[in-house]
């Protein structure tokens with residue numbers, strides 16, 4: 008009995024480095040006498056050896072059942088697994104996927120490292136057409152991961168400007184479609200007074216470029232440069248550089264615009280501050296932005312007054328060429344004439360006021376009656392020139408204007424106005440150690456209340472306080488009588504036995520004294536340590552104020568009466584004008600202070616809209632229509648809101664127009680809701696007694712029921728939105744499908760969410776899911792069964808098919824047998840794979856065939872060994888790692904003989920031990936190479952402290968067929 012010898016090809020990955028996969032070829036000889044104790048006499052030698060090798064190979068690491076992405080095994084019976092090393096299985100791939108060999112089917116091999124190939128099925132992409140590009144002359148096929156460069160027509164490109172396509176698991180990326188490449192050109196842009204800052208001439212889609220404006224010009228948004236973008240329809244915008252003027256510096260003026268830059272021909276209005284005017288003598292002006300900048304300087308100068316034309320008998324002093332704002336000019340009449348009008352006027356920012364007097368004389372009749380007021384003087388029949396009458400307003404009324412009128416040359420000056428004061432005063436202020444006499448609120452303008460101090464306390468200050476425009480005047484104080492301070496005497500008091508200035512006087516003591524050279528006596532009272540009035544003989548010069556000015560746009564004030572220091576006059580603006588700043592002018596130091604301004608009232612545009620609310624209107628349809636149209640509402644207009652049903656107003660429902668702006672509007676707040684409505688077959692997930700506006704509640708339907716829409720309702724202003732009904736969600740009437748049947752018995756109904764499984768009939772295979780699902784009384788999904796059977800197997804010349812049938816199921820096989828003296832080349836069986844037969848064998852004449860290719864040292868063949876190879880067959884040899892192949896790697900079977908075999912030349916291994924013995928080391932520190940191929944050069948050098956013992960050239964050694972000659976050092 009001969010030994011059974013063969014070659015074992017083992018794939019090996021050292022240290023799990025996949026990039027260094029090695030194929031190890033081992034020659035194995037098995038001795039039948041040691042392996043098999045008994046054998047049949049008629050059993051051939053090949054069968055015995057085959058059995059021995061199968062027993063040996065099965066000792067390798069088995070492979071578990073493979074899961075093939077985008078493919079499946081033939082005869083994929085679980086009983087075949089785990090599979091032994093080198094065992095093969097036929098598999099096929101899904102549509103659009105192929106094995107790496109690109110055949111319709113291939114073998115999956117169990118190796119020591121697992122299944123090979125690792126990716127059995129790869130996507131196959133077909134390149135046969137390129138939209139808007141150059142199409143290949145013939146159909147080209149590419150495997151997953153491969154890339155092809157394409158050429159689009161001029162002006163076209165692949166998606167995202169790419170020029171290559173990659174075959175991916177889901178197909179071509181990007182798709183084979185060239186789209187027009189949008190570009191923008193500089194020639195399409197003309198920038199007047201500007202320029203493009205980049206040198207590029209054309210720009211791709213979505214590319215931005217910067218343009219700049221010349222000095223003195225800006226973009227539409229006021230910048231010196233801007234950006235434009237190349238879009239599908241061209242440039243995003245035509246750049247514009249417009250002439251501009253920067254915001255000027257204002258001198259003593261207020262501008263009426265917040266802008267920081269201005270376009271050509273823009274007008275900028277300004278207003279001078281009080282007491283100043285421009286060169287034209289006006290308090291307002293405007294400048295215009297022109298090609299050379301602003302048309303003028305926005306400057307205001309301190310206003311001056313000059314002496315106007317006067318009555319020829321009127322003298323003015325002091326005499327000057329010009330007068331500043333605030334200067335007072337006094338008058339007198341000559342030749343015994345009587346002055347008619349004010350005896351002095353004051354220079355204001357709006358000119359001289361009041362009117363200049365004349366030198367005439369005429370008496371006046373009875374003064375006019377004042378509505379809501381009365382005269383203080385006794386009635387007379389006639390009033391002389393310059394005679395004054397004073398007025399006071401009735402309770403609850405406030406005086407606007409001078410409370411004095413004067414007879415001026417037979418005419419009374421303008422009356423004041425008594426207007427109703429709606430503001431009332433709040434609680435009476437508390438007085439420590441004092442009481443107030445009982446009174447009944449509300450307290451109107453002009454109402455007074457009286458205070459009194461308790462026993463042992465003395466009142467300091469006025470006994471009465473008065474309500475003035477919603478505010479109480481200053482209340483008195485109650486101070487303990489025994490704590491009242493005394494007043495020191497004065498040397499002006501007459502002596503009383505001892506010097507008066509050394510005497511102290513009690514509170515409320517009244518003393519009189521006489522100044523030198525004066526006949527009248529003065530009186531002063533001691534008030535809590537202070538004399539009132541102050542004891543003094545110095546003559547205080549009383550500075551009277553001229554008659555009050557006529558404020559522009561204020562009611563006429565023609566009085567010519569001079570006013571004492573501290574007197575006040577309330578100013579009333581004309582209709583449609585509103586007072587700004589202080590409402591009163593005050594006489595102080597001989598001049599009127601705090602001059603107000605009367606500005607024109609500004610109306611308001613449309614009132615603010617209110618969610619869930621409308622503006623109340625009158626019953627007039629015309630007025631109701633005006634509410635919704637664009638109109639201007641006068642200053643002071645009041646409008647009220649009404650909320651829709653289910654909403655209530657949150658605060659005051661009235662808004663007021665004030666100088667062009669409406670006051671803050673109220674809000675319409677939704678009313679809360681009670682319990683949500685009941686629905687059949689459903690309950691509320693969270694129940695409360697009350698729910699706020701906008702709050703939602705959700706219904707939970709009973710089992711087997713659901714809603715056909717949102718299951719929640721919302722509180723909408725006291726009422727709930729309409730809830731959805733809980734309807735049955737069961738499914739009935741199970742659908743039927745062609746070529747598929749149920750896996751279980753059919754039921755009367757199915758719950759929502761329940762799944763039903765189907766299976767395909769014979770000769771059909773399921774594509775996708777095999778289940779459908781009941782979702783809210785509707786069936787979702789459908790199984791699809793595809794015919795994967797095959798008809799008659801392919802015809803093979805000189806061959807017959809055993810047990811041939813007219814139809815085969817997928818994975819079913821048909822076996823061929825050659826007739827006569829023909830031998831079978833290829834697989835003896837074909838497999839029906841998804842409706843397609845695998846490649847059939849051939850029956851050929853056996854003359855000229857070759858046996859298995861001979862092995863070579865340190866090498867292996869890349870394909871599986873066969874027992875017979877037809878003439879013309881080619882096998883490929885490869886060397887193990889670090890061995891170099893010499894000769895043709897492909898050998899050919901010709902007339903029963905293999906062509907010349909290649910050789911695998913052994914690599915040189917540098918021995919660390921030999922280098923230590925020879926006292927040498929590798930010349931280059933970075934050179935860590937242990938293995939070197941034939942003809943590679945290896946450089947050595949002596950170790951530190953040793954010298955060369957062999958010639959210089961020996962230190963540059965060459966690897967020759969696995970051997971290297973080492974130099975020596977000593």
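Numbering (our numbering), first residue to last: 8 to 977. In this text, a Cβ means the ideal position worked out from N, Cα and C, and glycines have one as well.
Name the residue from the options whose alpha carbon lies nearest to the alpha carbon of residue i.
{"i": "residue 962", "options": "940, 931, 76", "result": "931"}
{"i": "residue 352", "options": "249, 232, 568, 452", "result": "568"}
{"i": "residue 774", "options": "652, 976, 841", "result": "841"}
{"i": "residue 420", "options": "806, 371, 641, 682", "result": "371"}
{"i": "residue 877", "options": "896, 849, 580", "result": "849"}
{"i": "residue 194", "options": "210, 451, 185", "result": "210"}
{"i": "residue 648", "options": "580, 333, 325, 621", "result": "621"}
{"i": "residue 845", "options": "100, 748, 253, 722", "result": "100"}
{"i": "residue 257", "options": "280, 246, 242", "result": "280"}
{"i": "residue 468", "options": "159, 239, 578, 539", "result": "539"}
{"i": "residue 758", "options": "782, 617, 672, 819", "result": "782"}
{"i": "residue 860", "options": "124, 127, 883, 703", "result": "883"}
{"i": "residue 322", "options": "135, 329, 341", "result": "341"}
{"i": "residue 872", "options": "671, 857, 864, 207", "result": "857"}
{"i": "residue 902", "options": "763, 951, 889, 852", "result": "852"}
{"i": "residue 843", "options": "77, 98, 725", "result": "98"}
{"i": "residue 367", "options": "282, 344, 674", "result": "344"}
{"i": "residue 726", "options": "225, 875, 678", "result": "678"}
{"i": "residue 839", "options": "831, 830, 255, 819", "result": "819"}
{"i": "residue 331", "options": "358, 481, 324", "result": "358"}
{"i": "residue 607", "options": "392, 584, 957", "result": "584"}
Using DSSP bridges, identify the partner residues of residue i.
{"i": "residue 1001", "result": "The structure shown does not extend to residue 1001, since the chain spans only 8 to 977, so no value can be given for it."}
{"i": "residue 112", "result": "99"}
{"i": "residue 347", "result": "365"}
{"i": "residue 621", "result": "649"}
{"i": "residue 887", "result": "DSSP output for residue 887 lists no bridge partner at all."}
{"i": "residue 338", "result": "323"}
{"i": "residue 238", "result": "241"}
{"i": "residue 896", "result": "For residue 896, which the question treats as bridged, DSSP gives no partner whatsoever."}
{"i": "residue 668", "result": "665"}
{"i": "residue 747", "result": "744, 767"}
{"i": "residue 722", "result": "727"}
{"i": "residue 640", "result": "611"}
{"i": "residue 654", "result": "677"}
Whole-angstrom Cβ separation of residue i and residue j, contact assumed at under 8 Å?
{"i": "residue 262", "j": "residue 271", "result": "Between residue 271 and residue 262 the Cβ distance is about 19 Å, and since that is not below 8 Å, they are no contact."}
{"i": "residue 792", "j": "residue 823", "result": "That pair is no contact at about 30 Å."}
{"i": "residue 512", "j": "residue 493", "result": "6 Å"}
{"i": "residue 145", "j": "residue 103", "result": "Contact flag wrong, Cβ pair sits at about 20 Å."}
{"i": "residue 563", "j": "residue 594", "result": "In fact, because the Cβ distance is near 20 Å, the residues do not count as touching under 8 Å."}
{"i": "residue 733", "j": "residue 709", "result": "7 Å"}
**Request:** Evaluate the contact criterion for the stretch 519-532 versus the stretch 367-379: three or more CB pairs, one atom per stretch, below 8 Å.
**Result:** By the C-beta criterion, the stretch 519-532 is judged not to be in contact with the stretch 367-379, since fewer than 3 inter-stretch pairs fall below 8 Å.
**Asked** Is the stretch 330-338 close to the stretch 380-389, with three or more CB pairs under 8 Å?
**Response** Flag = no, the stretch 330-338 and the stretch 380-389 do not touch.
**Prompt:** What are the complete beta strand (DSSP E) segments, minimum 3 residues, inside the stretch 537-583?
**Reply:** Restricted to the stretch 537-583, the beta strand (DSSP E) segments that are unbroken, complete and at least 3 residues in length are 537-539, 575-577, listed in chain order.
**Request:** Identify every run of the beta strand (DSSP E) within the stretch 350-429, keeping only runs that are complete inside it and at least 3 residues long; order them along the chain.
**Result:** Taking 3 residues as the minimum length, the beta strand (DSSP E) runs contained wholly in the stretch 350-429 are 351-355, 358-360, 380-382, 395-400, 404-407, 411-415, 424-427, in order along the chain.
**Item:** Validate contact between the stretch 739-754 and the stretch 797-813 using beta carbons, cut 8 Å, 3 pairs
**Value:** Output reads no: the stretch 797-813 does not touch the stretch 739-754.
**Request:** Go through the stretch 466-528 residue by residue and report every complete run of the alpha helix (DSSP H) that reaches 4 residues or more, in order.
**Result:** DSSP runs (the alpha helix (DSSP H)) wholly in the stretch 466-528: none.
**Prompt:** Which full runs of the beta strand (DSSP E) of 3+ residues lie inside the stretch 158-232, going along the chain?
**Reply:** Segments of the beta strand (DSSP E) lying fully in the stretch 158-232: 171-175, 178-180, 190-192, 201-203, 209-211, 215-220.
**Prompt:** Mind pulling the beta strand (DSSP E) runs of 3 or more residues that sit fully within the stretch 280-325?
**Reply:** Within the stretch 280-325, the complete beta strand (DSSP E) segments at least 3 residues long are 291-297, 321-324, listed from N- to C-terminus.
**Request:** Examine the Cβ distances between the stretch 407-419 and the stretch 429-439 and report whether three or more of them are shorter than 8 Å.
**Result:** Counting C-beta pairs with one atom in each stretch, the stretch 407-419 and the stretch 429-439 have fewer than three that are closer than 8 Å, which means they do not touch.
**Item:** Contiguous alpha helix (DSSP H) assignments of at least 4 residues, all confined to the stretch 898-967
**Value:** Counting whole runs of 4 or more residues, the stretch 898-967 contains the alpha helix (DSSP H) stretches 919-924.
**Asked** Which runs of the beta strand (DSSP E) fall wholly inside the stretch 760-836 and span at least 3 residues, in chain order?
**Response** With a minimum length of 3 residues, the continuous beta strand (DSSP E) runs that stay inside the stretch 760-836 are 762-767, 771-774, 778-782, 785-787, 791-794, 806-808, 820-825, 829-832.
**Message:** At 3 residues or longer, what runs of the beta strand (DSSP E) sit wholly inside the stretch 113-141?
**Reply:** Complete beta strand (DSSP E) runs here, min 3: 121-123, 129-134.
**the stretch 219-226 / the stretch 190-206 touching (three or more Cβ pairs under 8 Å)** = Flag = yes, the stretch 219-226 and the stretch 190-206 touch.
**Message:** Does the stretch 908-924 come into contact with the stretch 964-975, if we say contact requires no fewer than three beta-carbon pairs (one atom in each stretch) closer than 8 Å?
**Reply:** Three or more Cβ pairs drawn from the stretch 908-924 and the stretch 964-975 lie within less than 8 Å of each other, which places the two stretches in contact.
**Prompt:** Hey, is the stretch 478-487 in contact with the stretch 495-503, meaning 3+ C-beta pairs nearer than 8 Å?
**Reply:** Contact fails: fewer than three Cβ-Cβ distances are below 8 Å.
**Request:** Could you say if the stretch 473-480 and the stretch 445-460 meet the contact criterion of at least three C-beta pairs nearer than 8 Å?
**Result:** These segments touch.
**Message:** Does the structure place the stretch 134-153 close enough to the stretch 168-180 that three or more beta carbon pairs sit under 8 Å?
**Reply:** The stretch 168-180 makes contact with the stretch 134-153: 3 or more CB pairs, one atom from each, lie closer than 8 Å.
**Message:** For the stretch 673-689 against the stretch 638-646, do three or more pairs of beta-carbon atoms, one drawn from each stretch, fall closer than 8 Å, so that the two count as touching?
**Reply:** Contact between the stretch 673-689 and the stretch 638-646 is not established, with fewer than three Cβ pairs separated by less than 8 Å.
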